[in-house]
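*Asks:*
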Amino acid sequence: MKITDHIQKSEGKTLFSFEILPPLKGQNIQSIFENIDPLMDFKPPFIDVTYHREEYDYHELPNGFLEKRVTRKRPGTVGICAAVQNRYGVDAVPHILCGGFTKEDTENFLIDLGFLGIDNVVALRGDAVKSETYFRPEKNGHVYAEELVKQIVAMNQGKYLDDNLKNSAQTDFCIGVAGYPEKHMEAPSFESDLHFLKKKIKNGAHYIVTQMFFDNKKFFEFEAKCRAAGIEVPIIPGLKPLATKKQLNLIPHRFKVDLPDDLVMEVVKCKDDKAVRQVGIEWCVAQSKELVQKAAPVLHFYSMGKSDNIAAVAREIF
Ligand code: FAD
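In the working numbering, the protein residues as written are 264 to 581.
(1) Is the beta carbon of E445 less than 8 Å from the beta carbon of K481?
(2) Could you check if R399 is buried or exposed, using at least 16 other CB atoms within 10 Å of its CB as the buried criterion?
(3) Less than 8 Å between the C-beta atoms of A450 and V412, yes or no?
(4) Give the straight-line distance between the Cα atoms of T313 and E282, rounded to the nearest whole angstrom.
(5) Which of helix, strand or coil does DSSP assign to Q290?
(6) Smallest Cα separation from F477: which of V353, A345, Q550?
(7) When the Cα atoms are used, what is the spatial distance from F459 to E323?
(8) For L278, which three-state DSSP category applies?
(9) If you measure from the CB of Q293, is any heavy atom of the ligand FAD nearer than 7 Å?
(10) Measure from the alpha carbon of K537 to the alpha carbon of each residue in D524, A506, V531, then state which is nearest.
(11) In the DSSP assignment, what residue or residues form a beta bridge with A386?
(12) Mind checking whether the beta-carbon of D390 lies closer than 7 Å to any heavy atom of the ligand FAD?
(13) If you measure between the beta carbons of K463 and V440, is that distance less than 8 Å?
(14) Does the structure place the stretch 340–359 close enough to the stretch 373–384 that three or more beta carbon pairs sit under 8 Å?
(15) For R332 and G501, I'd like the C-alpha separation in whole angstroms.
(16) Going by C-alpha distance, which of N427, E370, C437 is nearest G404?
(17) What residues in its chain sit with their C-beta under 7 Å from that of R540, if we drop five residues either side in the sequence?
(18) If I follow the unbroken alpha helix (DSSP H) through R517, where does it start and stop?
(19) May I ask whether a heavy atom of the ligand FAD can be found less than 7 Å away from the beta carbon of F459?
(20) Closer than 7 Å to a non-hydrogen atom of the ligand FAD - does that hold for the CB of Y314?
(21) Alpha carbon to alpha carbon, how far is D521 from Q474?
(22) Under the assumption that R316 contacts V392 (Cβ atoms under 8 Å), give the Cβ distance between them as a whole number of angstroms.
(23) From which residue to which residue does the alpha helix (DSSP H) around I343 run?
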C-alpha cells in the first residue's frame, strides 16, 4: 500500500515509522531483525531501507603502487526490503539514488521492485563518493533527484527508456523525496533549495521526508514556507534521539544541522553515554509530543542500526 494511502487511512492520527540500514557486507540479516522486532509493537505501516553507494578503497601492492578498488560496504537494500515485507507484512520503502546509477540501472532496479510488490520508493540524489568533494553523476545518469522523479513517473505511465517497447506495463510507485528544514548543505540559499524541492513535487513526487532536526521551530518554519510556496503534499518529520557525546560534533558535521544550546548543555553535563542516551530520549519525546499535537502525519525515526532508544521514545507516544 502507498505511503500516501497509509496517511489518508489514518484520518489524522500520527503514524510511527523508522529507517534501517542494510548490515555491513559479511553480516547476516539477523541483526536487522533484532532491531526491528521490538519496534513492531508500535505498528509501523512502513519501514524505510537506505541505499549505500560504492566507495573507493586504496590497497598497497607489493611494488608500492596503490590499487583503487571499488566496493559497496552495505549492499542488500532490495533483499532487505523483500525480507521485511515477507516477515512483517508491512511496506518496505527502498531508497534509490542518482549516484552510481545509470538511467538503465535505475530502470532495472525499479523493475525488480515492481516484481517484488514494492510500490513505494524514496528518490534521492545521494552524496559524493566518500573520497570526493563534489557529487558526480554516472555517464547517462541523473544529476538531481528531480530528474530521477521524472524517470519514475514516466515508468508509472508505462514509458521506459526504450521507445520501441510496446504495451509495456505501468509501474505504480508512490514517490517520496528529501526535504531539509535547515537547507541542504550545497544549496546557496534556503529559497533556492525550496525552489528545487518544489520542482521535485511538480515533477510528480507524492510526499516529503525531512532530514533530522532537533529544534521543532525549524521544522514548523520549513513546513510553513513549503505551504506558502504551494507545496501541498504530506511532509513527514525525521527524528533521531541523540545517543552519544561524540554525536554532538558528528551529527552537525555529517548532516549539517544545528543542535539547540539547551540540548548541548544537557549532554555536556552527562558523565557517560548512558546518561546521554537518556537525555536524547527525553529530548526526542518532547519533540515528538509537540509534533503529534501539531498533527504531523508520521513520525519517522532514524535508527542508524540501534532501536532501543527509539522504542523508549515510541512507548511514550504511540
Ligand atoms: P537533490 O534534491 O537533487 O538536491 C541536491 C542539491 O541540489 C540541493 O542543494 C538542491 O537545492 C540542488 N538542486 C536540486 N535540483 C537542482 C537543479 N535542477 N538545478 C540546480 N540545483 C538543484 N543518501 C544516501 O546515500 N542513501 C540514502 O538512503 C539516503 N537517504 C536519505 C533520506 C532522507 C530522508 C534524507 C533527507 C537524505 C538521505 N540521504 C541518503 C542523503 C541525500 O542523498 C543527500 O542529502 C544528498 O546530498 C542530496 O540528496 P537530495 O535527494 O536531497 O538531492
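The C-beta atom is built at its ideal place from N, Cα and C for all residues, glycine as well.
*Replies:* Per the coordinate set shown:
(1) For E445 and K481, yes; Cβs fall inside 8 Å.
(2) Burial call: exposed.
(3) no
(4) 7 Å
(5) coil
(6) Q550
(7) 43 Å
(8) strand
(9) no
(10) A506
(11) A386 has I359, V440 as its beta-bridge partners, per DSSP.
(12) Within the cutoff, so yes.
(13) Result yes, Cβ atoms of K463 and V440 sit closer than 8 Å.
(14) yes
(15) Going by C-alpha positions, R332 is about 34 Å away from G501.
(16) E370
(17) A506, N572
(18) 510–518
(19) In this structure, F459 has its CB closer than 7 Å to one or more heavy atoms of the ligand FAD.
(20) yes
(21) 12 Å
(22) 7 Å
(23) 340–351
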